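Numbering (this note's numbering), first residue to last: 21 to 277.
Okay, structure coming up:
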């Protein structure tokens, strides 16, 4: 969710218009009742656009904030009351909360029932993430952000994700296939990740959610609604499992009634 707010210094892209109405239309086009907005790194800890959207659509939207360990109690309460249910750490773009703050952040947000979304290659922080999953709830974004394997090769992400899922309260988001196979359409990239998706679903089907990555900031390619439907058909052909991943799991994770 982006708008006219200026970006942080060192941002790798400029903010562009992606209003809440467009996101809701995106959800409607995919037959989805609810969605989650992650405050983009380009805004740093400025949550103006995010909170405006959450307050306007409290029944349909939840949010993921960017906060540091120095965030005040009043600010956390304001974010929570506006619909935020998580914060994010990452080491991909400027403007994000430092991944090294993960343990302390889990302690800060734990009383609110939040989780921490992590956008990184987990191989670079395996010990940190393993310990974090024992300390609180973490969600690995974009299927672990490990590039897709070459055709016919074993997926190097499979043992890593299995280890972290077994370590504690670790979840995985099925999203961003097009980011893991740059230059490939989403539906094509998804096929290269079949081993990984299957391993995650077999290991912890109750700790998996799915996302489209809208509005596709700094994308190598832009997925279409048809791409997303094809991915769902490939990854979640069983209707009961699809309902669990698209409805039950996110309702629990983001505290929807």
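For each residue, glycine too, the CB sits at the ideal point set by N, CA and C.
All values derive from a computational prediction rather than experimental measurement.
Here residue 137 is buried. Its C-beta has 16 or more other C-beta atoms within 10 Å.
In the three-state scheme derived from DSSP, where H, G and I count as helix and E and B as strand, residue 219 is classed as helix. Contact between residue 89 and residue 37 fails: their C-beta atoms lie close to 32 Å from each other, not under 8 Å. Taking 4 residues as the minimum length, the alpha helix (DSSP H) runs contained wholly in the region 60-126 are 68-76, 93-102, in order along the chain. At a Cβ-Cβ threshold of 8 Å, residue 219 and residue 210 do not count as neighbours. Residue burial annotation: residue 83 is buried, with at least 16 other C-beta atoms found within 10 angstroms of its C-beta.
Within the same chain, and ignoring the five residues on either side of residue 150 in sequence, the residues whose Cβ sits closer than 6 Å to its Cβ are 187. Residue burial is scored here from C-beta neighbours: residue 168 has at least 16 other C-beta atoms within 10 angstroms and is therefore classed as buried. The beta carbons of residue 230 and residue 266 sit closer together than 8 Å.
For a cut-off of 8 Å, the C-beta gap from residue 76 to residue 40 is around 6 Å, short enough to register as a contact. One alpha carbon belongs to residue 116, the other to residue 68, and they sit about 16 Å apart.
Per DSSP, residue 160 is one residue of the beta strand (DSSP E) stretching across 158-160. Contact between residue 223 and residue 182 holds: CB atoms are separated by about 6 Å, below the 8 Å threshold. Residue 57 carries a strand assignment under DSSP once its states are collapsed to helix, strand and coil.
Cα atoms of residue 142 and residue 127: separation of roughly 21 Å, rounded to the nearest angstrom. DSSP places residue 46 inside the alpha helix (DSSP H), whose first and last residues are 40-49.
Less than 8 Å separates the beta-carbon of residue 227 from that of residue 185.
In the structure shown, residue 178 adopts helical secondary structure according to DSSP, grouped into three states. Looking only at 62, 214, 276, the smallest Cα-Cα distance to residue 111 is reached by 62. For residue 241, the closest C-alpha among the options 202, 191, 192 is that of 202. Going by C-alpha positions, residue 56 is about 6 Å away from residue 81. When secondary structure is reduced to three states using DSSP, residue 229 falls in the strand class. If you draw a straight line from the Cα of residue 162 to the Cα of residue 130, it is about 23 Å long. Checking the DSSP bridge columns, you'll see residue 139 partnered with 110.
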